[in-house]
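Numbering (the numbering used here), first residue to last: 205 to 601.
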Amino acid sequence: MSKLYEETTARFSKYVMPTYAPQKMFVKGEGARLWDDEGAEFLDFAAGISVCNVGHCNPRVTAAIREQAGKLVHISNLYYNELMPRLAEKLVTEAFDGKVFFANSGAEANEGMIKFARKYGNAHGGRNVIISMENSFHGRTLATLAATGRAKYRKGFEPDTPGFLQVPFNDIAALKAAITPQVCAIMLEPVQGEGGILPADPDYLKQVRALCDEKDVLLLFDEVQCGMGRIGTRFAFQSFGVIPDAFSMAKAIANGLPMGGFMVRKPFADTLTAGTHASTFGGTPLVSAAALAVQECFDKDGVLENCREQGAYLMKRLAALSKPYAFVKGVRGMGLMIGLVLDRPAGPLAAALLKKNLIVLTAGETVLRLLPPLVITRQEADLAVERIAGALAEFQA
Ligand SMILES: Cc1ncc(COP(=O)(O)O)c(C=O)c1O
């Protein structure tokens, strides 16, 4: 244990609120590799929870941040900065005809999207109830907690923010039954992340879209975790062929600098008007420069193609592990958003893998979650499978 580690953990426990319980410390990153305080090298199959999608310290992103940091970091949104509308233009061009609002995190992006839906619904028939999905995760602010379909996150923070109800995911009959004249929007993750890497059934999403059209209800996608290339298309909705009325993004949008946002399609894009919503740091020049560099990586570096290729390869190799190990129930996911489903809690396996210098996450209770940078090589995928197989063999024994 290094002196730096000892000093850091001591400071952390004395001065930082105990909402996190970190296990390790990292001091350097490059691509899909991280180095700890003692210089040991780790393979990062979490990417900071789907944040560093184009790799740690990606050269394009680092250069953009360096250049912009020397020019202009922040002015308020009372003035124009060149980069934020450029970024909005790029995202709209890649997604659909609409407009973007920039914030700082996933919860804040979803919070804004919820405000958009309520503003629209209240103005169109006094409707303001939002239906979201059981097992979903939308953030830790009070409204996004109320949208989150896992009650454990709300415990202790009562009263719940009103205006939300949840139905089972991938169940069109339950959704139809829940639609009342008070409903203004349906909100869902195209691939549930925290809940256990559960993709929506494409037919279900098409039926949800049709239902929304029939009832004049807005369709909101939370793409905070599954967007930004994670499942092999720039935006998650593009993998399903279903266009939402609005979708949120965050995490990987600026590859580690704090940014979130949501896009609303025409004809709803001007619902939030001057003075109805704001964020001091939303779309600051520095963060917008990083986000533009991320888009450039998607355009020039084959990131999405690599995600699809390595994702398919990893899924195939991991699926083979369910044969020798009966406690491995299967593999599911899309692109490089992959869950290895166990018949028992996944936490101990994740801890064993950390000891083998492979960083992974868990999701739900029994799913080992893999969210590597989208730039991983075949060799890195093989190395990860080797370490996972090694840990599974130890568990078997
Ligand atoms: C689908 C989804 N929505 C929202 C959030 C909240 O994002 P943030 O932690 O940036 O507020 C997360 C975070 O994990 C998420 O996975």
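Glycine included, every Cβ here is placed at the ideal spot set by N, Cα and C.
Mind checking who residue i pairs with in its DSSP beta bridge?
i	result
Lys232	Trp239
Gln370	Ser336
Gln583	In the DSSP output, where bridge partners are listed per residue, Gln583 has none listed.
Gln396	Leu402
Ile447	None; Ile447 has no bridge partner.
Gly302	Arg469
Phe246	Leu238
Arg536	Gly543
Asn285	For Asn285, which the question treats as bridged, DSSP gives no partner whatsoever.
Ser452	Asp426, Phe466
Leu461	Asn459
His260	Gly235
Leu562	Leu247
Ala307	Gly464
How far does the alpha helix (DSSP H) with residue i in it extend, from its first residue to its last?
i	result
Thr604	Beyond the ends of the chain as shown, which are 205 and 601, falls residue 604; an answer cannot be given.
Leu522	507-523
Asp675	Any property of residue 675 remains undetermined from this structure, which presents the chain solely from 205 to 601.
Ile542	First-last for Ile542: 541-546, but that is the beta strand (DSSP E), not the alpha helix (DSSP H).
Arg322	310-327
Phe216	207-219
Leu558	551-559
Pro577	Where Pro577 is concerned, there is no enclosing alpha helix (DSSP H), given that its DSSP letter is neither H nor E.
Val498	489-504
Lys527	Lys527 -> no alpha helix (DSSP H), and no H or E assigned at all.
Ile383	Neither: Ile383 is in no alpha helix (DSSP H) and is coded neither H nor E.
Thr365	Looking at the DSSP string, Thr365 is not in any alpha helix (DSSP H), and its letter there is neither H nor E.
Thr348	346-351
By a C-beta neighbour count over all protein chains shown, 10 Å radius and 16 as the cutoff for buried, is residue i buried or exposed?
i	result
Gly330	exposed
Val333	buried
Glu362	exposed
Asn459	buried
Val545	buried
Tyr604	Absent from the structure is residue 604, since the part of the chain shown begins at 205 and ends at 601.
Thr484	exposed
Met288	buried
Gln227	exposed
Lys455	buried
Ile335	buried
Glu286	exposed
Thr437	buried
Val387	buried
Arg591	buried
Ser217	exposed
Ile279	exposed
Glu245	exposed
Arg573	buried
Met205	exposed
Met391	buried
Gln600	exposed
Leu557	buried
Pro576	buried
Arg582	exposed
Glu210	exposed
Gly640	Here the chain comprises residues numbered 205 to 601, so residue 640 is not present and cannot be evaluated.
Thr352	buried
His260	buried
Gly465	buried
Arg536	buried
Provide the residue span of the beta strand (DSSP E) that contains residue i, from first to last.
i	result
Ile390	387-392
Lys356	Element bounds for Lys356: n/a, residue is neither H nor E.
Arg573	571-574
Phe425	422-426
At a cut-off of 7 Å, would you count residue i as near ligand 2, judging by its Cβ distance to the nearest heavy atom?
i	result
Ala458	Among the ligands present in this structure, namely ligand 1, ligand 2 is not found.
Quick check: the stretch 437-455 against the stretch 344-356, are at least 3 beta-carbon pairs closer than 8 Å? Judged by Cβ distances under 8 Å, the stretch 344-356 makes no contact with the stretch 437-455, as fewer than three pairs qualify.
Take every Cβ of the stretch 298-306, pair it with every Cβ of the stretch 521-530, and state whether three or more of those distances are shorter than 8 Å. Segments in contact, no.
If contact is defined by three or more beta carbon pairs under 8 Å, each pair taking one atom from either stretch, is the stretch 546-563 in contact with the stretch 243-254? They touch, by the three-pair rule.
The stretch 566-573 / the stretch 224-239 touching (three or more Cβ pairs under 8 Å): Verdict: no, contact absent.
Does the structure place the stretch 489-507 close enough to the stretch 264-278 that three or more beta carbon pairs sit under 8 Å? Judged by Cβ distances under 8 Å, the stretch 264-278 makes contact with the stretch 489-507, as three or more pairs qualify.
The stretch 392-401 touching the stretch 534-543, judged by at least three CB pairs closer than 8 Å: Yes: the two stretches touch, three or more of their Cβ pairs being nearer than 8 Å.
Do the stretch 465-479 and the stretch 546-553 touch if we need at least three Cβ pairs shorter than 8 Å? Between the stretch 465-479 and the stretch 546-553, the count of C-beta pairs closer than 8 Å stays below three; the two stretches do not touch.
If you pair each beta-carbon of the stretch 410-420 with each one of the stretch 374-389, do three or more pairs fall below 8 Å? The stretch 410-420, when compared against the stretch 374-389, does touch it at the 8 Å Cβ threshold.
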